Amino acid sequence: MPKIEVPEKLFFELCGRTYTDDEMNDIFPVAKAELDGHGDGTVKIELNDTNRPDLWSVAGVARALRTYESGKIPSYDFFSSRDVTRDCGNRHHYNEESCLGVRDFSISFAAEGCIVTEELLVNLIQSQEKLCQNFGRKRKTIAIGIFRSDLITYPIHYIGADPDKTAFVPLGMTEKLTLREILEKHPKGREYGHIIADKPRYPYLFDDKGETLSFSPIINSAHAGAVEVGDRNLFVDISGPIIDDILLAANILACDMADMGFRILPVRVHLAKDTKYGREITVPYYFQEETQCSLDFVEKELGERLDAQECRAALQRMGVSSDVEDGVITIRCPEYRNDFLHAVDIVEDIMIGHGLARFEPVLPADFTKGQLLPSEEYARKVKTLMVGLGFQEMMYNYLGSRREYVDNMHISDEKVVFIANPMSENYEVVRPSILPSLLESESVSGHAVYPHRIFELGKVCYKDENDNSGTVTRNNLGFLAADNQMTFNDASSYVNTLLYFLRIDYRLESVEDDGRFIPGRAAKVVADGKVIGVYGEVHPQVLESWGCSMPAVMAEFDLDLMH
Amino acid sequence: MDIEVKNLHPLEVRLLRHVSPGEAITSDRLVSELGYKIGQCNQAFSWLTAKGLLSESSREKYTLYELTDTGRAQAGEGLPAERIFSYLKEHGAASLPDLAAALGLEQSEVGSAFGSLTGAGAARLDEERRAMATGDGLPEEVVLQKALIKKALEAPLREDGLTVQEKKAISRLAKKRGAAGSTFKVIEKEDVTYTLTGEGDRVKKELLEANITGEEFGLLTPQMIQTGSWKNGSFRPYGLNAPVSRLIPGRTNAYADYLQWVKDKLVSLGFEEFDGPLVVNEFWNGDALFMPQFHSARDIHDVYYIKDPVHAKSIEEPWLSRVARTHEDGGDTGSRGWGYTFDHEFTRRQIMRSQGTVLSATQLPKAKIPGKYFGIARCFRYDQVDATHGADFYQTEGIVVGKDVNLRNLLGLLRMFATEVAGAEEVKYVPGYFPFTEPSIEVHIKHPVLGWFELGGSGIFRPEVTKSLGLDVPVLAWGLGIDRMALMHLGLNDLRELFTPDIESVRMRRGN
């Protein structure tokens, strides 16, 4: 979930009013936001909707609140669309064919008429970062460069360049490096280089005089790409492989900058390939499609009939203009949003705009039968018996180390499921058995009064090539008893008593080659021709590995085979 | 100190009832008058002085001479010197070895006894180095010794009751710590005398008043029941506040009890339990829930991948094709989809279940209409383990399937959970966001102890989820964060404690 920190003053200015913390707590949910902290002139906001990148900026949150409270939809006059093309003056931006397959699209717009302050710059960079990191999948699908447009000569050119023959001074450095050298030497190159490293050419943006703008998505040039406090005129470039995503990112930034006082200047972008919006797009560009939803559907979803007027008013508070004709709502998606995938997305905006508190809760009318799983019912039966036998129920984590689950148990790791990306070697293995968990208890509980009698009913997981996943999860019972004297006969008594009351007829078979038990003092429990469990005296080599000094017996049963 | 007379031990009771203020109380008196054993006297004295009911009035040290086994034998057959003297009188002179053999004495005994006879002039060696008696009678000291032995047969002799000659005579026959061969054992003794304190007298009167005699029955035995002897007396009461010895019972785990309670609660609300494997694939964990494959929560830094097998063999059809199309262009779900090319290899990649919603997804193709389902599922997240994050943890999730279920039903359900499961005082709903539900609702509750917190997330499954999995009716989906309540219930504040391996801590744990 993206979190942003915004200057209180700027935020309240953009909102058109101030808020107390309580008021923020009350109003923020309409933007699916939470107040994460407030102090020292800074408001911390957490944004929960990962499909609403327009909210990840001070201007975006303020716009949503302002619109909700006023019911007035903000209007932006700089958008071109299928029907309207705004004047772009001499501002042209050419994508050349050499960029195809490298990073297909680069688009841009310009902005002027506002002095860049420290505060504004910080917030602009924050919005840019959130868009690139969260929405742009760490620059993979969206990379944004902001430049000083006074230093730029149109038209702009975007090409796939030779990594070894193209060189410039990257931001944050003083020497000229080739694109390939930037990947190796520049911190941003090392961080994001993997996105384009294996391409034959690298994305490269420069102006008509040959001045470098950026090596997108890695780094701007030190010259035009170093925006500073006091600058007035900016140029914003957005590159990526998905046209809708970069158009949306451009629209969001343009609206944010407009809200902060900039005048947005469109740029005519000449793409290197055709898109559903044509090959030439004037950016910012309204590309969103109309979405529809019937009043009946709204009623079915929300459980309450709202009339056309109520729906329109609700949507309006969410910044969405709409028409209702013949019981069908048609919405116009705001320029800075693109989250109406389905009619249900309209329903949700109506719900929020109408006010969630206005819907009266009512229980579902259908009768359904409640029921535990048979495995749960059986486990409870087993639990009652184990408690009656004097055992303490334990509950354990299912992830552990190789040392605990394999090495200490003196078993092979052949059937053990390993994690490919463990966070630490302490959580690297899915437990194949309950027994190591019980032994861990024994190893840390020398201070607890003996005898120890413990058990767990839980899941284990191990490889099984017959299953589609190559693994199986089983519901097992494991128990362990430890004391000065604890023998195979004690274990036999527990097993015999348990299985008598579970109505399981069984026979015992000797256990061969099992490092966990003392040879000749362990048994496999066979019922209906299947091995349902194993028990015996814990081998002293196992006790030693765990650092236990008390003799112990242990047993494990596969409950799924028993009921 | 406040004395509860009922709690006094019979040894204390009988002593107190027997004595009066000003009297000297000694163990000798208790032995003779109450039939106590010395050990019992000591117990009674130590308990009663500790309680302030007796006080020590004097303490006297003295030495006792007590006959050893050897000494008691000598009382019958005579001292070695006496026997040698008699033998020589009767049989005439004899060599010392012959004397030893004839009298059954050790050579050394004969040597020292003969030495004492010659010293007193009662015997000497003749020319042939044989022993012979020289006097008419036994030496005076031996006579004295004989008398002392005789006297000691009745009771040990106090040293301060002996004459100077007697002391000298007895010292020759005694060794400290009683060497086996000597006649007397020397015992250093101390006699303590106690008197009743004022408080002791008060307690005594209370005992008399309450008619507590110290003769009450202790253990009820089978014999007492069989013979009916219990009818002839009363039973000694037990001290109610005496320390209790510890039992270690077989017990269920308090956290498991809580989860079981939640399960029972949900079953009572008409929910049917579901479950599934720990290892799942990206398809069911994310794709089927309409989470785009590039969604940030599906990153390598959020879920645990399985090392081997990396991929599931296959994904069930027709669900795979339907879900893939829904992601790409919405398919027949009425959605425009995510507009990217679905990755058929990624979808088979195996991971540790990261959200309980997998169970809901897998239930959808086989769900009854109407149907209500729930599961408490162990889930795994790529998180640094700390007080609020576990490597694995339980999620409580479920769905409600029904032709006409809607938002208001969802709110009704959440309110039911809030009061039934969480004991909430107030409920508040706020819009939420989950990739697989729209609308999405969070429910916040005001708990009597914890105050306001988010109890759970919920929503109506997106049609992209339900329709792709063959369901054409709305499905309400919900999840409850019950860990905070579980911790409060168990009086804990660290999630890691829920799965502690420490036996003692689990033994002592109890729910509220």
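Protein sequence lines correspond, in order, to chains A and B.
Here the first sequence stands for residues 765 to 1327, numbered as in this note's numbering.
Here the second sequence stands for residues 18 to 529, numbered as in this note's numbering.
Cβ atoms here follow ideal geometry from the backbone N, Cα and C, with glycine treated the same way.
Just so we're clear, the structure is a prediction, and the values are computed from it rather than from any experiment.
Asked	Found
May I ask you to verify whether the stretch 422-442 of chain B touches the stretch 1119-1137 of chain A, counting CB pairs closer than 8 Å and requiring at least 3?	yes
For Leu224 of chain B, which residues in the same chain have their Cβ closer than 7 Å to its Cβ, ignoring the five residues on either side in sequence?	Val22, Val30, Leu33, Arg34
Does the separation of the CB atoms of Ser475 of chain B and Val460 of chain B fall below 8 Å?	yes
Using a Cβ-Cβ distance under 8 Å, would Leu1105 of chain A count as near chain B?	yes
Expressed to the nearest angstrom, what Euclidean distance is found between the alpha-carbon atoms of Ser313 of chain B and Gly267 of chain B?	46 Å
With DSSP as the reference, label Lys167 of chain B as helix, strand or coil.	helix
Alpha carbon to alpha carbon, what distance is there between Asp786 of chain A and Ile386 of chain B?	43 Å
Which residue spans inside the stretch 1011-1068 of chain A form an unbroken alpha helix (DSSP H) run of at least 4?	1059-1066
Which of the three DSSP states is assigned to Gly1164 of chain A in this structure?	strand
With respect to the beta strand (DSSP E) encompassing Trp469 of chain B, which residues constitute its N-terminal and C-terminal limits?	468-478
Bridge partners of Val1092 of chain A, per DSSP?	A:Ser1058, A:Glu1089
What does Glu1074 of chain A touch in chain B if you count any residue whose Cβ is under 8 Å from its own?	The premise fails here: Glu1074 of chain A is roughly 15 Å from chain B at the closest Cβ pair, so nothing lies under 8 Å.
Give the interface partners of Lys463 of chain B over in chain A, defined as CB-CB distance under 7 Å, in chain order.	Neighbours of Lys463 of chain B on chain A: none; closest Cβ ~14 Å, over 7 Å.
Applying the 10 Å Cβ sphere with the 16-neighbour rule, what's the burial state of Arg954 of chain A?	exposed
I'd like to know whether the C-beta atoms of Arg827 of chain A and Pro838 of chain A end up nearer to each other than 8 Å.	yes
Which residues in chain A have a C-beta closer than 9 Å to the C-beta of Leu122 of chain B? List them in chain order.	Result: empty, since nearest Cβ-Cβ is about 53 Å, beyond 9 Å.
Note the first and the last residue of the continuous beta strand (DSSP E) segment covering Thr806 of chain A.	806-811
Does the pairing of the stretch 793-810 of chain A with the stretch 442-456 of chain B give three or more beta-carbon distances under 8 Å?	yes
Would you list the residues sitting across from Met369 of chain B in a DSSP beta bridge?	B:Val296
For a test of the three-state rule: what should DSSP assign to Asn228 of chain B, helix, strand or coil?	coil
Checking contacts by CB at 8 Å: is Pro114 of chain B closer than that to chain A?	no
Near Ala931 of chain A, which residues of its chain fall below 8 Å by C-beta distance, leaving aside the five closest residues on each side in sequence?	Lys940, Leu941, Thr942, Leu943, Glu945
Under a Cβ-count criterion, where at least 16 other Cβ atoms within 10 Å of its own Cβ denotes burial, should Gly780 of chain A be classed as buried or exposed?	exposed
Please list, in chain order, the chain B residues whose beta carbon lies closer than 7 Å to that of Ser1176 of chain A.	Simply none; closest approach about 14 Å.
Count the other CB atoms within 10 Å of the CB of Ser980 of chain A; is the residue buried (16 or more) or exposed (fewer)?	buried
At a CB-CB cut-off below 8 Å, which residues of chain A make contact with Arg395 of chain B?	Tyr1162, Lys1223
Going by the CB atoms, is the gap between Leu778 of chain A and Asp1023 of chain A shorter than 8 Å?	yes
Looking at the secondary structure, which residues open and close the alpha helix (DSSP H) in which Leu283 of chain B lies?	271-285
Tell me which residue opens and which closes the alpha helix (DSSP H) that Gln91 of chain B is part of.	86-94
What does the alpha-carbon distance come out to for the pair Met369 of chain B and Asp409 of chain B?	10 Å
Sorted by chain position, which residues of the same chain lie with C-beta nearer than 6 Å to Val1236 of chain A's C-beta, five sequence neighbours on each side aside?	Asp1228
Spatial neighbours of Gly128 of chain B within its chain, please: CB distance less than 8 Å, with the 5 preceding and 5 following residues excluded, ordered by chain position.	Leu113
How is the beta strand (DSSP E) around His1216 of chain A delimited, first residue to last?	1216-1227
Quick one, are the C-beta atoms of Tyr1214 of chain A and Arg1195 of chain A less than 8 Å apart?	no
Under a CB-based cut-off of 8 Å, is Met1150 of chain A close to chain B?	yes
What residues from chain A crowd round Pro448 of chain B, counting only those whose CB sits closer than 8 Å?	Pro793, Val794, Lys796, Glu1112, Met1115, Ile1116, Leu1120
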